[in-house]
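To start, the structure itself, in structure tokens.
There are 2 protein chains.
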Amino acid sequence: MREEATAFVPGHVTGFFSAHPADDPTKAGSRGAGLTLTDGVDVTVEPATETTVVLDGTEIDVEPVATVLETLDVTARVEADSELPLGAGFGVSGAMALGTALAANRVFERKLSLNELVTIAHGAEVQAGTGLGDVVAQAHGGVPIRLEPGGPQDNKLDAIPSRARVEYLSFGELSTAEVLSGDTEALTAAGKEALSRVVEEPTLSSFMYASRLFARDAGLLTEQVMETIADVSAVEGQASMAMLGETVFALGSGLSDAGYEPSVCATHPAGAMLR
Amino acid sequence: MREEATAFVPGHVTGFFSAHPADDPTKAGSRGAGLTLTDGVDVTVEPATETTVVLDGTEIDVEPVATVLETLDVTARVEADSELPLGAGFGVSGAMALGTALAANRVFERKLSLNELVTIAHGAEVQAGTGLGDVVAQAHGGVPIRLEPGGPQDNKLDAIPSRARVEYLSFGELSTAEVLSGDTEALTAAGKEALSRVVEEPTLSSFMYASRLFARDAGLLTEQVMETIADVSAVEGQASMAMLGETVFALGSGLSDAGYEPSVCATHPAGAMLR
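Residue numbers (full-length UniProt numbering), protein chains in the order written: chain D, 1 to 275; chain W, 1 to 275.
Put into structure tokens, the structure is as follows:
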């Protein structure tokens, strides 16, 4: 047993998605597309007699992290340092689950494969209702397109072969669990439409365009987000809403050009990795 | 049309493999496992009226590169700068094909997806007989396990969730085409055995062990390679032979510890990427 191990998991903003429930959480998930981000979460795991989870210095309960540790049959102290806010559409809970799986596998020498670890983290996230597609996207890196839902044994991924500077600005939280438990018919229809657009033309431009249409048609835009996206469009920029958070993300310098003071990062060329 | 674009593709040493021919080169390929390397190839593509390919300052013919450009229906000047020798088992031809596909897609705004570009490069490489699994491994990054052969539409990948320092030393070339056109029965049997060992325990240790057994049982070891691997074993290090080249690679400081003066790099956490 090692003393500790640390994994970095990129953040992930989903531009559009459709939900695909299933009885088995490792087969459930979402179709859609998003950007993985150089801003992300460092997760350090060390053996402990009792499990505790700390995010940016504060002890919290993160159900998918607890589930991952139980699945690996270990107790540990998990310390996460996040450059991104929790609950605002950046996949922080997915990052914590996946980072815990990677680091715990190393510390406790569990000898699982990457796909097995991703499956465990994805299933834990879906079961908790905190996300449907972040984990598999974060394991892939780049600008992943989720063509088929589920963990690595079942899903099908492609990607947009591009990199970009990314700006983002968060106004607050939206509950993924709440949105997903409501009426998702309009959302699913809009998600399918957006996916077929991006499959037809896998470029960043078409991704941003499809994401904006999706946010509107799925009825998820808040007043604040709508205004901000309009401000970016007014200066010829491309912005959309992170699913699911009251968060706007833009390519290049879209938000700065519109007079905002956003956080700045870039698409992350790699998936989650041990430090 | 852009002026030029550059892609970086990691090197790839295969530890073991089995060959899986098929009429369609995008479905043919290999099962096996290997290490992608931080040492790799930068490929720059710029539009030109006639196609030329330059590797480290010297004009050469690289069939898979020509095929990729033809498939994308373009003519271009392709300049590759490689940290690795050609023909010595580092996947340099695969890297040139994949880098050309990524960079040409960008320069000529072909709007293809990542999977489509990988399929084109993989098919071109298989058709030329210069490699069977490097391209899909190089697109993935890390320490990929090729569970099923072929391009992204057909194959199935997993990975060993580890990183390592890697040392390597090349004594010369081996012709992939020549080995693959010979009797491959022993090789295929040894490749299957090695893969099931690594699937059972996806760790770097078991990968190196399986690779050594494979090199021996497939009858591919040269005198020089055998001696060098033995020297590394004698100092408790782990080394094996790169498939296919007269090249030895080792984890950590295996070759240095044995008194050699190897090149030093590490596993590459990401797949091929635009610069």
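Cβ atoms here follow ideal geometry from the backbone N, Cα and C, with glycine treated the same way.
**residue 36 of chain W beta carbon less than 8 Å from that of residue 15 of chain W** = Within the second sequence, residue 15 of chain W is the residue found at index 15, counting from 1. Within the second sequence, residue 36 of chain W is the residue found at index 36, counting from 1. No; because the gap between Cβ atoms is not below 8 Å, this pair is not in contact.
**Prompt:** At which residues does the beta strand (DSSP E) containing residue 168 of chain W begin and terminate?
**Reply:** As a working note, residue 168 of chain W is residue 168 in the second sequence. From DSSP, the beta strand (DSSP E) with residue 168 of chain W extends over 165 to 172.
**Asked** The beta strand (DSSP E) spanning residue 249 of chain D covers which residue range?
**Response** In the first sequence, residue 249 of chain D corresponds to position 249, counting from 1. It spans 246 to 251 - the beta strand (DSSP E) in which residue 249 of chain D sits, taken as one unbroken run.
**Per-residue DSSP class, three states only, for residue 221 of chain D** = Along the first sequence, read from residue 1 onward, the residue named residue 221 of chain D stands at position 221. Note: residue 221 of chain D maps to coil in three-state DSSP.
**Cutoff 8 Å: residue 91 of chain W Cβ touching any chain D Cβ** = Indexing the second sequence from 1 puts residue 91 of chain W at position 91. No, residue 91 of chain W lies away from the interface with chain D (no Cβ there is under 8 Å from its Cβ).
**CB contact flag (residue 244 of chain W, residue 57 of chain W, <8 Å)** = What you label residue 244 of chain W is simply residue 244 of the second sequence in a count that begins at 1. What you label residue 57 of chain W is simply residue 57 of the second sequence in a count that begins at 1. Taking 8 Å as the Cβ cut-off, residue 244 of chain W and residue 57 of chain W do not qualify as a contacting pair.
**Prompt:** Which stretch, first to last residue, makes up the alpha helix (DSSP H) that contains residue 254 of chain D?
**Reply:** Sequence index remark: in the first sequence, residue 254 of chain D carries index 254 (1-based). First-last of the alpha helix (DSSP H) with residue 254 of chain D: 254 to 257.
**Message:** Starting from residue 134 of chain W, trace the beta strand (DSSP E) in both directions and tell me its first and last residue.
**Reply:** Along the second sequence, one-based indexing puts residue 134 of chain W at 134. Not the beta strand (DSSP E): residue 134 of chain W falls in the alpha helix (DSSP H), residues 134 to 140.
**Prompt:** Just the Cα atoms here: how many angstroms apart are residue 257 of chain D and residue 240 of chain D?
**Reply:** For the purposes of this step, residue 257 of chain D is identified with residue 257 of the first sequence, where counting begins at 1. For the purposes of this step, residue 240 of chain D is identified with residue 240 of the first sequence, where counting begins at 1. So the two alpha carbons sit approximately 15 Å from each other.
**Message:** Checking 8 Å against the spacing of the C-beta atoms, do residue 246 of chain W and residue 150 of chain W come in under that value?
**Reply:** For the purposes of this step, residue 246 of chain W is identified with residue 246 of the second sequence, where counting begins at 1. For the purposes of this step, residue 150 of chain W is identified with residue 150 of the second sequence, where counting begins at 1. The answer is no: Cβ separation not under 8 Å.
**Message:** Between the alpha carbons of residue 97 of chain W and residue 67 of chain W, how many angstroms are there, rounded?
**Reply:** Mapped onto the second sequence, residue 97 of chain W falls at position 97. Mapped onto the second sequence, residue 67 of chain W falls at position 67. About 8 Å.
**Prompt:** How would you list, in chain order, the residues of chain D whose beta-carbon sits under 9 Å from the beta-carbon of residue 305 of chain W?
**Reply:** For chain W, the structure presents residues 1 to 275; residue 305 of chain W sits outside this window and is missing.
**Request:** Keeping to the same chain, check which residues put their C-beta closer than 8 Å to that of residue 233 of chain W; ignore five residues upstream and five downstream.
**Result:** By one-based count along the second sequence, residue 233 of chain W stands at place 233. Once the five neighbours on either side are set aside, the close Cβ partners of residue 233 of chain W are 239.
**Message:** To the nearest angstrom, how far is the alpha carbon of residue 23 of chain W from that of residue 127 of chain D?
**Reply:** One-based indexing of the second sequence puts residue 23 of chain W at position 23. One-based indexing of the first sequence puts residue 127 of chain D at position 127. So the two alpha carbons sit approximately 43 Å from each other.
**Prompt:** So which residues on chain D does residue 269 of chain W lean against when the C-beta distance must stay under 7 Å?
**Reply:** Position 269 of the second sequence holds residue 269 of chain W. What residue 269 of chain W touches in chain D: 270 and 273.
**Asked** Is the beta carbon of residue 251 of chain W less than 8 Å from the beta carbon of residue 166 of chain W?
**Response** Start at 1 with the first residue of the second sequence, and residue 251 of chain W comes out as number 251. Start at 1 with the first residue of the second sequence, and residue 166 of chain W comes out as number 166. Yes. Within cutoff.
**Request:** Could you tell me whether the stretch 48 to 63 of chain W touches the stretch 153 to 167 of chain W, where touching means 3 or more Cβ pairs closer than 8 Å?
**Result:** no
**Prompt:** Does DSSP classify residue 113 of chain W as helix, strand or coil?
**Reply:** Taking the first residue of the second sequence as 1, we reach residue 113 of chain W at position 113. Note: residue 113 of chain W maps to coil in three-state DSSP.
**Prompt:** If we cut at 8 Å on Cβ distances, does residue 36 of chain W have a partner in chain D?
**Reply:** Counting from one through the second sequence, the residue named residue 36 of chain W turns up at place 36. Cβ-Cβ to chain D under 8 Å: no for residue 36 of chain W.
**residue 47 of chain D versus residue 121 of chain D - alpha carbon distance** = Working through the first sequence from its first residue, we reach residue 47 of chain D at position 47. Working through the first sequence from its first residue, we reach residue 121 of chain D at position 121. Spanning the two alpha carbons is a distance of roughly 19 Å.
**Prompt:** Taking residue 260 of chain D as the reference, which of D:2, D:142 and D:249 has the closest Cα?
**Reply:** Here residue 260 of chain D refers to the residue found at position 260 when the first sequence is read from its first residue. The option with the nearest alpha carbon to residue 260 of chain D is D:249.
**Prompt:** Looking only at DSSP bridge pairs, what is residue 156 of chain D linked to?
**Reply:** For this step, residue 156 of chain D is matched to residue 156 along the first sequence. Paired residues: D:148.
**6 Å Cβ shell around residue 190 of chain D - same chain, five flanking residues per side excluded** = Taking the first sequence and counting its residues from 1, the one referred to as residue 190 of chain D is at position 190. Cβ neighbours of residue 190 of chain D beyond the five flanking positions: 214, 217 and 218.
**Message:** Counting only Cβ pairs nearer than 8 Å, list the residues of chain W close to residue 201 of chain D.
**Reply:** Counting from 1 along the first sequence, the entry for residue 201 of chain D is found at position 201. Per Cβ cutoff of 8 Å: 111.
**Asked** In whole angstroms, what separates the C-alpha of residue 222 of chain W from that of residue 185 of chain W?
**Response** Residue 222 of chain W sits at position 222 when you count from the first residue of the second sequence. Residue 185 of chain W sits at position 185 when you count from the first residue of the second sequence. Answer to the nearest angstrom: the Cα atoms are 19 Å apart.
**Asked** Span of the beta strand (DSSP E) holding residue 79 of chain D?
**Response** As a first step, residue 79 of chain D must be located in the first sequence, where it is residue number 79. 76 to 82 is the span of the beta strand (DSSP E), which, as asked, contains residue 79 of chain D.
**Asked** Does the stretch 26 to 34 of chain D come close enough to the stretch 142 to 157 of chain D that 3 or more CB-CB pairs lie under 8 Å?
**Response** yes
**Item:** Closest by C-alpha distance to residue 43 of chain W, when choosing among W:75, W:74 and W:6
**Value:** Position 43 of the second sequence, counted from the first residue, corresponds to residue 43 of chain W. Of the candidates W:75, W:74 and W:6, the one whose C-alpha sits nearest the C-alpha of residue 43 of chain W is W:6.
**Asked** Which partner residues of residue 10 of chain D appear in the DSSP bridge assignment?
**Response** Reading the first sequence from its first residue, position 10 is the one you call residue 10 of chain D. According to DSSP, which records beta bridges pairwise, residue 10 of chain D is partnered with D:40.
**Message:** Which residues in chain B have a C-beta closer than 7 Å to the C-beta of residue 141 of chain W? List them in chain order.
**Reply:** You won't find chain B in this structure, because its protein chains are D and W.
**Message:** Can you look up residue 96 of chain W in the DSSP assignment and give me helix, strand or coil?
**Reply:** Residue mapping note: residue 96 of chain W aligns to position 96 of the second sequence, counting from 1. Three-state result, residue 96 of chain W: helix.
**Request:** Give, in chain order, every residue of the stretch 161 to 179 of chain W whose Cβ lies closer than 9 Å to some Cβ of chain D.
**Result:** If the cut-off is 9 Å between Cβ atoms, the stretch 161 to 179 of chain W has 161, 162 and 163 near chain D.
**is_contact[residue 105 of chain D, chain W] using C-beta, thresh 8 Å** = What you label residue 105 of chain D is simply residue 105 of the first sequence in a count that begins at 1. For residue 105 of chain D, the answer is yes, since a Cβ of chain W falls inside 8 Å of its Cβ.
**Message:** With H, G and I counted as helix, E and B as strand and the rest as coil, what does DSSP make of residue 270 of chain W?
**Reply:** Taking the second sequence and counting its residues from 1, one reaches residue 270 of chain W at position 270. Of the three classes helix, strand and coil, the one that applies to residue 270 of chain W here is coil, per DSSP.
**Request:** Assign residue 49 of chain D to one of two classes, buried (16 or more other C-beta atoms within 10 Å of its C-beta) or exposed (fewer than that).
**Result:** The residue labelled residue 49 of chain D in the question sits at position 49 within the first sequence. Exposed: under 16 other Cβ atoms inside 10 Å.
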